[in-house]
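Enquirer:
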Amino acid sequence: MCRTPLLLLLAAGVNTVVGRAQEPAPPPPPLPNILLIYADDLGYGELGCQGATRVPTPNLDRLAASGLRFTDAHSTAATCTPSRYSLLTGQYAFRRQGTGVLPGDANLVIEPGATTLPALLQRAGYRTAVIGKWHLGLGRGDLDWNGAIAPGPLEVGFDECFLLPATGDRVPCVYVENHRVAGLDPGDPLRVSYRQRLDDAPLGRERPDLLKMPWFDGHDMTIVNGISRIGYMSGGTAARWIDEQMADTFVARAIDFLERNQDRRFGLYFATHDIHVPRAPHPRFVGKTAMGPRGDAIVQLDWTVGRLLDSLDRLHLTDHTLVLFTSDNGPVVNDGYADGAVEHLGDHRPAGPLRGGKYSAFEAGTRVPLLVRWPGRVRPGVSPALVSQVDLLASLAALVGQPLDDDDAVDSLDQLAALLGADRVGRDHVIEQASTLALRVGPWKFVAPGQGPAYAAKVGIELGNARAPQLYDLRLDLGEHDDLAFREPERTAALAARLQALREAGRTRPRASR
Ligand code: NG6
Ligand code: CA
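Residues in the sequence shown are numbered consecutively from 230, following my numbering.
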């Protein structure tokens with residue numbers, strides 16, 4: 230009576246064993262989507278999770294609490310274009326001419342077809358997009374903004390783009406969607422120049438009465454939406470952006486991208502305009518802080534991040550998405566408009582405990598917030614690892630299983646273990662680019678001598694660019710006030726020699742042995 234069941238059980242067991250032996254190995258955990266949120270000019274000390282008390286940032290604090298927060302993460306440079314260049318190419322920008330802060334009519338500075346971060350993701354089957362600030366140039370030669378705008382992001386690895394072409398304070402003040410200016414009326418052609426005015430419309434320097442905020446230091450040319458900009462443009466009236474709607478516009482585009490790609494793997498590079506100048510947040514954020522438009526722009530940035538995180542939740546993508554949040558360079562308070570930021574700053578410390586700011590070779594130039602979240606894979610906490618944005622390319626290449634050629638991304642190192650929290654040391658060295666170069670080796674900070682200036686009075690920032698070499702021990706002196714160069718001449722000389730060697734080598738990543 231019981232024979233049959235026993236046989237059945239045995240047979241079932243055998244089947245199971247045989248069946249198991251024949252099954253292929255279980256698949257590796259699926260690759261995550263990648264959402265890289267890149268803020269503009271956000272300093273080390275601006276977020277609640279970074280110690281700020283006068284501006285509420287609940288969404289970024291939520292991201293930090295559920296992810297890994299880095300205390301020694303760096304952009305490669307203290308300004309925008311070189312940081313973005315390095316982020317996307319894995320090469321230090323100081324190695325390449327023409328990667329300084331670009332005017333809005335500059336040509337694309339990345340070679341079409343180059344192995345970029347998005348191109349690697351594409352090779353791994355990802356759908357890629359850039360939404361937001363570009364500032365890496367567009368087109369070749371004398372660009373006609375009324376025709377096809379190429380090459381651009383679509384030629385360097387992005388499947389689609391919706392761009393603020395340069396900066397909010399530079400013309401052209403229109404969005405570029407894929408190869409076209411979005412919403413352009415062919416009967417009202419758009420022209421752009423950085424040399425001469427193009428029509429009779431009053432300029433900011435002529436009609437301050439027309440302006441929402443007074444210009445400062447050269448932001449005095451074409452007026453768009455009551456704000457005067459660097460550079461001249463004419464026409465394109467229907468396509469001109471409204472600054473107060475920019476954050477909503479980018480968020481809507483991003484959510485649309487997430488919804489369209491929720492069933493496939495995607496990589497979204499979402500680069501906010503906030504908190505760069507001009508700071509003109511949507512009216513619903515005005516007055517949310519006592520810090521004026523700069524504080525309110527941080528609130529808008531936090532709202533933006535919250536909308537993206539909520540969308541991931543709603544689409545059930547949170548567990549399958551690696552979210553990275555960071556900034557392109559350190560903070561600046563007055564960067565071109567008298568918007569009240571200086572007067573209302575109070576005791577908010579944009580750089581936290583660090584010295585300098587945007588443009589500076591001191592730590593605040595490049596040491597920026599970095600938050601990394603990947604539920605189940607990244608244990609929440611704080612990491613002191615030294616990491617640089619130049620490594621995102623090689624690290625994410627390793628994550629998605631894409632090999633790199635020797636000539637690709639020559640300064641990018643696979644620091645995936647550090648980014649995911651398994652390694653708490655990270656790089657043994659990193660170069661920081663400002664108007665002079667600095668080298669970090671562990672806690673030591675060497676600032677190469679330069680031609681100055683040491684202080685930028687207009688923006689009120691110490692640039693760290695001095696005629697003599699400087700040396701700081703960040704373990705004891707995070708604020709870089711005690712220059713040890715004279716007391717430690719041998720260490721100073723050794724670091725100077727190492728920086729020189731790293732420059733001359735033309736690369737950081739060792740060549741694969743042949
Ligand atoms: C500077 C601008 C500043 C800002 C910066 C670029 C002047 C005097 N200052 O040249 O306002 O636009 O360039 O900022 O023009 S970045 O974050 O895009 O690098
Ligand atoms: Ca910037």
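Backbone N, C-alpha and C fix where the C-beta goes; we use that ideal spot for every residue, glycine too. As the structure is a computational prediction, the values presented were derived from the model and not from experiment.
How would the residue list near ligand 2 read, in chain order, if you kept each one whose beta-carbon is closer than 5 angstroms to any heavy atom?
Expert: Result (chain order): Asp-269, Asp-270, Cys-309, Asp-557, Asn-558.
Enquirer: Quick check on the burial criterion: 16 or more other C-beta atoms within 10 angstroms. Buried or exposed for Met-230?
Expert: One-based indexing of the sequence shown puts residue 230 at position 1. The predicted model places Met-230 with a pLDDT of 35, which falls under 50 and marks its position as unreliable, so this point remains unresolved.
Enquirer: Does the beta-carbon of Arg-696 have 16 or more other beta-carbons within 10 angstroms, so that it is buried, or is it exposed?
Expert: For the purposes of this step, residue 696 is taken as residue 467 along the sequence shown, with counting starting at 1. Answer is exposed; the Cβ neighbour count stays below 16.
Enquirer: I want to check one thing, is the minimum distance from the CB of Asp-398 to the heavy atoms of ligand 1 below 7 angstroms?
Expert: Here residue 398 is taken as the residue at index 169 of the sequence shown, counted from 1. Yes; taking the cut-off as 7 angstroms, the Cβ of Asp-398 has a heavy atom of ligand 1 nearer than that.
Enquirer: Per DSSP, what kind of secondary structure is Ser-457 in: helix, strand or coil?
Expert: Residue mapping note: residue 457 aligns to position 228 of the sequence shown, counting from 1. The answer is strand: DSSP assigns Ser-457 an E or B state.
Enquirer: Can you list the beta strand (DSSP E) stretches of 3 or more residues lying completely in the stretch 517-603, in chain order?
Expert: Here the runs fully enclosed are 550-556, 599-602.
Enquirer: Mind listing, in chain order, the continuous alpha helix (DSSP H) runs of no fewer than 4 residues lying wholly within the stretch 338-371?
Expert: Listed in chain order, they are 346-352.
Enquirer: Should His-577 go down as buried or exposed, given a rule of 16 or more other Cβ atoms within 10 Å for buried?
Expert: Looking up residue 577 in the sequence shown gives position 348. Result: buried.
Enquirer: Starting from Pro-507 and walking both ways along the alpha helix (DSSP H), at which residues does that stretch end?
Expert: Within the sequence shown, numbered from 1, the residue matching residue 507 stands at position 278. Per DSSP, Pro-507 belongs to no alpha helix (DSSP H) and is neither H nor E.
Enquirer: Kindly identify the DSSP beta-bridge partner or partners of Phe-675.
Expert: Position 446 of the sequence shown, counting from 1, holds the residue named residue 675. Looking at the DSSP assignment, Phe-675 forms a beta bridge with Leu-668, Leu-700.
Enquirer: What residues are listed by DSSP as bridge partners for Cys-390?
Expert: Position 161 of the sequence shown holds residue 390. Partner(s): Val-359.
Enquirer: Does DSSP put Gln-662 in a helix, a strand or coil?
Expert: Position 433 of the sequence shown, counted from the start, is the residue given in the question as residue 662. Three-state DSSP puts Gln-662 in a strand.
Enquirer: Suppose contacts are defined by Cβ-Cβ distances below 8 angstroms. Is Leu-265 in contact with Leu-600 by that definition?
Expert: Stepping through the sequence shown from its first residue, residue 265 is reached at position 36. Stepping through the sequence shown from its first residue, residue 600 is reached at position 371. Result no, Cβ atoms of Leu-265 and Leu-600 do not sit closer than 8 angstroms.
Enquirer: Just tell me which of Arg-736, Leu-432, Leu-625 has its CA closest to the CA of Thr-550.
Expert: Taking the sequence shown and counting its residues from 1, the one referred to as residue 550 is at position 321. For Thr-550, the nearest C-alpha among the options comes from Leu-625.
Enquirer: In this structure, how does DSSP classify Pro-613 when only helix, strand and coil are distinguished?
Expert: On the sequence shown, residue 613 is found 384 positions in, with the first residue counted as 1. In the structure shown, Pro-613 sits in a strand (DSSP, three-state: E or B).
Enquirer: Helix or strand or just coil, what does DSSP make of Ser-742?
Expert: Taking the first residue of the sequence shown as position 1, residue 742 is located at position 513. Residue state, collapsed to three classes: coil.
Enquirer: Taking the straight line between their C-alpha atoms, what separation do you get for Ile-471 and Leu-271?
Expert: Sequence index remark: in the sequence shown, residue 471 carries index 242 (1-based). Sequence index remark: in the sequence shown, residue 271 carries index 42 (1-based). One C-alpha to the other measures close to 22 angstroms.
Enquirer: Comparing the CB of Asp-371 with every heavy atom of ligand 1, is any distance shorter than 7 angstroms?
Expert: Your numbering for residue 371 matches position 142 in the sequence shown. It does not: the Cβ of Asp-371 is nowhere closer than 7 angstroms to a heavy atom of ligand 1.
Enquirer: Which residue marks the beginning of the beta strand (DSSP E) containing Ala-268, and which one marks its end?
Expert: Here residue 268 refers to the residue found at position 39 when the sequence shown is read from its first residue. That run of the beta strand (DSSP E) goes 262-268.
Enquirer: Would Gln-662 pass as a contact of Ala-281 if the rule is Cβ separation under 8 angstroms?
Expert: Locating residue 662 in the sequence shown gives position 433, where the first residue counts as 1. Locating residue 281 in the sequence shown gives position 52, where the first residue counts as 1. Their beta carbons are not under 8 angstroms apart, which means Gln-662 does not touch Ala-281 by this criterion.
Enquirer: Check whether the stretch 402-418 and the stretch 528-546 touch, using three or more Cβ-Cβ pairs below 8 angstroms as the test.
Expert: Touching, no.
Enquirer: Taking the continuous alpha helix (DSSP H) assigned at Ser-641, which residues delimit it?
Expert: Within the sequence shown, residue 641 is the residue found at index 412, counting from 1. Element bounds for Ser-641: n/a, residue is neither H nor E.
Enquirer: Any idea which residues DSSP pairs Ala-685 with across the strands?
Expert: Numbered from its first residue, the sequence shown carries residue 685 at position 456. Its beta-bridge partners are Ile-690.
Enquirer: According to DSSP, is Phe-715 helix, strand or coil?
Expert: Taking the first residue of the sequence shown as 1, we reach residue 715 at position 486. Three-state result, Phe-715: coil.
Enquirer: DSSP three-state call for Glu-384: helix, strand or coil?
Expert: Here the question's residue 384 lines up with position 155 in the sequence shown. Helix at Glu-384.
Enquirer: Could you check where the alpha helix (DSSP H) with Arg-420 kicks off and where it finishes?
Expert: Stepping through the sequence shown from its first residue, residue 420 is reached at position 191. Segment 420-422 is the beta strand (DSSP E) holding Arg-420; no alpha helix (DSSP H) there.
Enquirer: When you compare the CB positions of Leu-392 and Arg-313, do they come within less than 8 angstroms of one another, or not?
Expert: Indexing the sequence shown from 1 puts residue 392 at position 163. Indexing the sequence shown from 1 puts residue 313 at position 84. Result no, Cβ atoms of Leu-392 and Arg-313 do not sit closer than 8 angstroms.
Enquirer: For Leu-331 versus Asp-531, is the C-beta distance shorter than 8 angstroms?
Expert: On the sequence shown, position 102 is the one that residue 331 refers to. On the sequence shown, position 302 is the one that residue 531 refers to. No. Outside cutoff.
Enquirer: Taking the DSSP output, what are the residues bridged to Leu-497?
Expert: If you number the sequence shown from 1, residue 497 lands on position 268. Leu-264, Ala-358.
Enquirer: Where does Ser-742 land, buried or exposed, given buried means 16+ other C-beta within 10 angstroms?
Expert: As a working note, residue 742 is residue 513 in the sequence shown. Classification of Ser-742: exposed, given that the 10 Å Cβ count is below 16.
Enquirer: Could you tell me the distance, in whole angstroms, from the CA atom of Pro-582 to the CA atom of Thr-665?
Expert: Position 353 of the sequence shown holds residue 582. Position 436 of the sequence shown holds residue 665. Their Cα atoms are separated by approximately 22 angstroms.
Enquirer: Runs of 3 residues minimum, wholly inside the stretch 403-455: which ones carry the beta strand (DSSP E) assignment?
Expert: Runs of the beta strand (DSSP E) inside the stretch 403-455: 420-422.
Enquirer: Alpha carbon to alpha carbon, how far is Trp-603 from Leu-383?
Expert: Counting from 1 along the sequence shown, the entry for residue 603 is found at position 374. Counting from 1 along the sequence shown, the entry for residue 383 is found at position 154. Cα to Cα, Trp-603 sits roughly 28 angstroms from Leu-383.
Enquirer: Could you check where the beta strand (DSSP E) with Ala-302 kicks off and where it finishes?
Expert: The residue you call residue 302 lines up with position 73 of the sequence shown. Note, Ala-302: beta strand (DSSP E), 297-303.
Enquirer: How should His-545 be labelled, buried or exposed, when 16 other C-beta atoms within 10 angstroms of its C-beta is the threshold for buried?
Expert: Residue numbering aside, residue 545 sits at position 316 when the sequence shown is read from its first letter. By the neighbour-count rule (16 or more Cβ atoms within 10 Å), His-545 is not buried but exposed.
Enquirer: Does the beta carbon of Ile-459 fall short of 7 angstroms from some heavy atom of ligand 1?
Expert: In the sequence shown, the residue the question calls residue 459 occupies position 230. Indeed, a heavy atom of ligand 1 lies less than 7 angstroms from the Cβ.
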